[in-house]
Amino acid sequence: MNFPKPGNYWFIFPWIAFIPWYGMLITMLICWAAQGHPIYWFMHTEQFPVYISDIGATNLRPLFIACAGWQGIGYVLTVLLEYLQRSGLIKVRKERWYGMTPWFTKDERNLIWSALVLGCIGELGLLFCSIFSTARYHRVHTAMVAIFCAFMLLSIICLTAEYFLMERHYALLHPRYRASLNDEEKAVQIDELKWWQWRGYKCNKFVISAWFKTFWMVAAIIWAICFGAISDNSKSACFEWLLAFWFGVIFIILSVDFYLGSTWKTSKYFNKIDDFNGYYKYRNFPYDNAHELNLEKEFKVYHVAASVPSESSSSSVPTPPLAPTSPGDGSGEILHPNFQQNNNDNDSDNLPMVA
Numbered sequence: 001m002n003f004p005k006p007g008n009y010w011f012i013f014p015w016i017a018f019i020p021w022y023g024m025l026i027t028m029l030i031c032w033a034a035q036g037h038p039i040y041w042f043m044h045t046e047q048f049p050v051y052i053s054d055i056g057a058t059n060l061r062p063l064f065i066a067c068a069g070w071q072g073i074g075y076v077l078t079v080l081l082e083y084l085q086r087s088g089l090i091k092v093r094k095e096r097w098y099g100m101t102p103w104f105t106k107d108e109r110n111l112i113w114s115a116l117v118l119g120c121i122g123e124l125g126l127l128f129c130s131i132f133s134t135a136r137y138h139r140v141h142t143a144m145v146a147i148f149c150a151f152m153l154l155s156i157i158c159l160t161a162e163y164f165l166m167e168r169h170y171a172l173l174h175p176r177y178r179a180s181l182n183d184e185e186k187a188v189q190i191d192e193l194k195w196w197q198w199r200g201y202k203c204n205k206f207v208i209s210a211w212f213k214t215f216w217m218v219a220a221i222i223w224a225i226c227f228g229a230i231s232d233n234s235k236s237a238c239f240e241w242l243l244a245f246w247f248g249v250i251f252i253i254l255s256v257d258f259y260l261g262s263t264w265k266t267s268k269y270f271n272k273i274d275d276f277n278g279y280y281k282y283r284n285f286p287y288d289n290a291h292e293l294n295l296e297k298e299f300k301v302y303h304v305a306a307s308v309p310s311e312s313s314s315s316s317v318p319t320p321p322l323a324p325t326s327p328g329d330g331s332g333e334i335l336h337p338n339f340q341q342n343n344n345d346n347d348s349d350n351l352p353m354v355a
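All residue numbers for the sequence shown refer to full-length UniProt numbering, where the first residue is 1 and numbers rise by one.
As structure tokens, this is what we get:
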């Protein structure tokens, strides 16, 4: 199987963020086994295995704090990196750089910001959980565990909702769907649909990612309930370890999102979308050369030559092609809809883009 070449290599970043987390978990298990599976002095019952926090309260506490902090910073930066790749705030050679497809509406932007804020709170909970050891600050430690689980779940819910929303917009724009529609059906806008109505080509990368995140969340919720509700410490600890390793899977999903998102400019279908009408991020969009060539091939730009009657004869003298303008103003050029400019949007988040 030949995988497409990535548009950038930011998809490696989530792996850098979570691999030390896995290394910490494996190191803890190896050290506990090498010590003979001890029951530590602050524990009140026999159990197998012990909790992660129990091992983290021993001489491995510096490792616990360092890796918890590293993973936390990594998650927050991963979410921030998605925002930067979709927003176009980064400029390369004075042009806006998009590492991934821009969001379609401000709803997706707001969900990314919500995921970022909630993730910051959740990861701070994990950091304080490692700092306030269960041996000396048991109640504070337990409260921080609860904050970590709750806010990280909310953060990932926001990321999942973002992808479901992007899928809903992209499905309506997908060339395979629009090819089967007449002009009246093509005119249907997303705002005309109820929130529960889903139309278009639904089998795309956005919805696949959203369902993977949904599956991850359902499994995490079930195991978290088992971890907190089961009174048997041995079984409860098993679910805690399972959750800790399962947490790393969300970084893998985000890495795949980054990889697939980076290939959007050479996508089989995205560069064949014939109308971005209503999506403010796509006005005057700075396509790369390959994309522009494809658009020129698929959708011609027509110049209409005006004729001016000559005073000396009945023949007409053609005038040069007019300068590029927006369609509908009588100036003579018809542009592809993707290059139409909407000057009514004064949102500070989307300054005029490079043509």
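Don't be surprised by glycine CBs; every beta carbon is placed ideally from N, CA and C.
Quick one: residues in its chain with C-beta nearer than 7 Å to the C-beta of residue i, no 5 flanking neighbours on either side, listed in chain order?
i: Ala237; result: Gln47, Pro49, Val50, Tyr51
i: Leu84; result: Ile90
i: Ile156; result: Lys213, Met217, Ile250
i: Met166; result: Trp103, Phe104, Glu108, Phe206
i: Leu60; result: Met28, Cys31
i: Leu254; result: Pro14, Thr78
i: Asn8; result: Gly99, Ser262
Assuming residue i and residue j are in contact, meaning their beta carbons sit under 8 Å apart, how far apart are those beta carbons, in whole angstroms?
i: Ile273; j: Pro175; result: 6 Å
i: Cys67; j: Pro20; result: 5 Å
i: Asp257; j: Ser209; result: 5 Å
i: Met152; j: Phe128; result: No, Met152 and Phe128 are not in contact; Cβ-Cβ is about 14 Å, not under 8 Å.
i: Trp246; j: Ala220; result: 6 Å
i: Ala244; j: Leu25; result: 6 Å
i: Trp10; j: Leu81; result: 6 Å
i: Gln71; j: Phe3; result: Wrong, their Cβ atoms sit about 27 Å apart, outside the cutoff.
i: Asn233; j: Thr45; result: 6 Å
Mapping DSSP to helix, strand and coil, what is residue i?
i: Glu46; result: coil
i: Lys5; result: coil
i: Arg96; result: strand
i: Lys91; result: strand
i: Pro102; result: coil
i: Ile19; result: helix
i: Leu60; result: coil
i: Trp70; result: helix
i: Ala34; result: helix
i: Ile121; result: helix
i: residue 359; result: Missing from the structure shown is residue 359; the chain here goes from 1 to 355 and no further.
i: Ile39; result: coil
i: Cys203; result: coil
i: Ala150; result: helix
i: Arg136; result: coil
i: Tyr83; result: helix
i: His174; result: coil
i: Tyr51; result: coil
i: Tyr279; result: coil
i: Thr263; result: coil
i: Ser155; result: helix
i: Ser130; result: helix
i: Ser180; result: coil
Here's a check: name, in chain order, each residue in its chain whose Cβ is nearer than 8 Å to the Cβ of residue i, leaving out the five neighbours to either side.
i: His169; result: Phe104, Thr105, Ile190, Tyr279
i: Ile131; result: Ile65
i: Thr142; result: Thr134
Might you give, ordered along the chain, the residues of its own chain that have their beta carbon closer than 6 Å to the beta carbon of residue i, omitting 5 neighbours on each side?
i: Leu242; result: Trp223
i: Met100; result: Gln85, Arg86, Gly261
i: Ile147; result: Gly125
i: Cys226; result: Phe239
i: Tyr22; result: Gly248
With a cut-off of 9 Å, does the C-beta of residue i fall near any C-beta of chain B?
i: Ile12; result: Among the chains in the structure shown there is no chain B, since it carries only a single protein chain.
Point to revise | Touching by the beta-carbon criterion (3+ pairs, under 8 Å), the segment 155–163 and the segment 211–220 | key: yes
Check your understanding: Taking contact to mean at least 3 C-beta pairs separated by less than 8 Å, is the segment 96–111 in contact with the segment 55–63?
Key -> no
Review point. Hey, is the segment 73–88 in contact with the segment 118–132, meaning 3+ C-beta pairs nearer than 8 Å?
Key: yes
**Study point:** Any 3 or more C-beta pairs closer than 8 Å across the segment 242–257 and the segment 12–31
**Key:** yes
Exercise for review: Can you check the segment 205–256 for any alpha helix (DSSP H) of at least 4 residues that lies completely inside it and give the ranges in chain order?
Suggested key: 205–229
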